Amino acid sequence: MAIENDPVSDQELVARAKRGDVKAFSLLVERYQDMVYTLACRTLSDPVRAEDMAQDAFVRAWKAISSFKEKSQFSSWLYRITVNVCYSELRKRGRSEDLLPEEDFDALKIPGWFKKSIESNFEKRDLVNRLINELPPVYQGIVVLFYLEGLDCKEISTILGHPVGTVKAYLHRARARMRIVAESLLNV
Numbered sequence: 001m002a003i004e005n006d007p008v009s010d011q012e013l014v015a016r017a018k019r020g021d022v023k024a025f026s027l028l029v030e031r032y033q034d035m036v037y038t039l040a041c042r043t044l045s046d047p048v049r050a051e052d053m054a055q056d057a058f059v060r061a062w063k064a065i066s067s068f069k070e071k072s073q074f075s076s077w078l079y080r081i082t083v084n085v086c087y088s089e090l091r092k093r094g095r096s097e098d099l100l101p102e103e104d105f106d107a108l109k110i111p112g113w114f115k116k117s118i119e120s121n122f123e124k125r126d127l128v129n130r131l132i133n134e135l136p137p138v139y140q141g142i143v144v145l146f147y148l149e150g151l152d153c154k155e156i157s158t159i160l161g162h163p164v165g166t167v168k169a170y171l172h173r174a175r176a177r178m179r180i181v182a183e184s185l186l187n188v
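To convert, note that position 49 of the sequence shown is 49 in the UniProt record's numbering; the numbers rise steadily by one, no gaps.
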């Protein structure tokens with residue numbers, strides 16, 4: 001995610017930020033603000049709240065930069081902070097809101113078992129949001145990261161701090177729950 005031909009690496013900027021260099025951290029913010037905001041938007045489905053949560057993620061990252069261990073990439077560490085901030089916001093505000101923004105609806109690979117039963121994109125989007133809303137927050141996050149962000153299970157494992165097997169199991173359980181709810185909603 002680093003900018004092409006950028007002379008300063010993430011590692012160098014992190015090292016400088018750990019020494020208190022605000023300008024170095026500002027460069028990291030510039031480099032990753034789109035990624036953080038997009039993830040927050042996709043998770044919260046609210047651009048205003050996403051902006052607040054993105055800012056909160058960067059504030060938390062700045063406060064915790066000294067504890068960052070270089071065994072993972074800065075982007076993965078920041079991704080995890082963003083996911084945690086968004087999960088906290090979801091728990092605080094409840095899960096009644098749509099988790100899938102309209103513009104990202106088609107990015108979700110909808111299983112064929114209910115494609116035939118839905119007549120319009122609006123109905124499809126509404127159904128997918130209802131299905132995601134029925135999931136526990138950890139499953140919601142994995143579904144969003146896997147289907148919307150296009151991350152594989154290993155990347156999700158790194159971000160969330162769960163073993164790869166756990167991520168796969170959660171993804172399997174999320175799909176199973178979504179299938180059961182969809183079948184009951186569609187009377188299949």
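Here a beta-carbon is modelled for each residue, glycine too, at the ideal position from N, C-alpha and C. The model shown is predicted, which means the values in this text are computed figures rather than measured ones.
Can you tell me the Cα-Cα spacing of residue i and residue j, whole angstroms?
i: Leu171; j: Ser26; result: 35 Å
i: Lys71; j: Ala15; result: 13 Å
i: Ser67; j: Glu155; result: 21 Å
i: Val138; j: Asp21; result: 34 Å
i: Phe146; j: Arg175; result: 12 Å
i: Phe74; j: Arg91; result: 26 Å
i: Val8; j: Arg31; result: 11 Å
i: Ala61; j: Glu134; result: 30 Å
i: Glu103; j: Pro47; result: A caution first: Glu103 carries a pLDDT of 49, below 50, which makes its placement in the model unreliable, though a value can still be read off. Straight-line Cα distance between these residues: approximately 12 Å.
i: Glu51; j: Arg173; result: 31 Å
i: Met178; j: Val59; result: 35 Å
i: Pro87; j: Ile180; result: For the record, residue 87 in the displayed sequence is Tyr; it is not Pro. Spanning the two alpha carbons is a distance of roughly 24 Å.
So, is residue i buried or exposed, given that buried needs 16 or more other C-beta atoms within 10 angstroms?
i: Glu149; result: buried
i: Ala54; result: buried
i: Asp10; result: buried
With C-beta atoms as the reference, is residue i less than 9 Å away from residue j?
i: Ala57; j: Leu28; result: no
i: Ser45; j: Thr158; result: no
i: Val167; j: Ile142; result: yes
i: Glu12; j: Arg49; result: no
i: Ile65; j: Lys18; result: yes
i: Lys153; j: Val164; result: Checking the displayed sequence, the identity of residue 153 turns out to be Cys instead of Lys. For Cys153 and Val164, yes; Cβs fall inside 9 Å.
Please confirm if the stretch 73-91 is in contact with the stretch 29-47, defined as three or more CB-CB distances below 8 Å between the two stretches.
yes
Below 8 Å, can you find three or more Cβ-Cβ pairs linking the stretch 178-187 to the stretch 124-142?
yes
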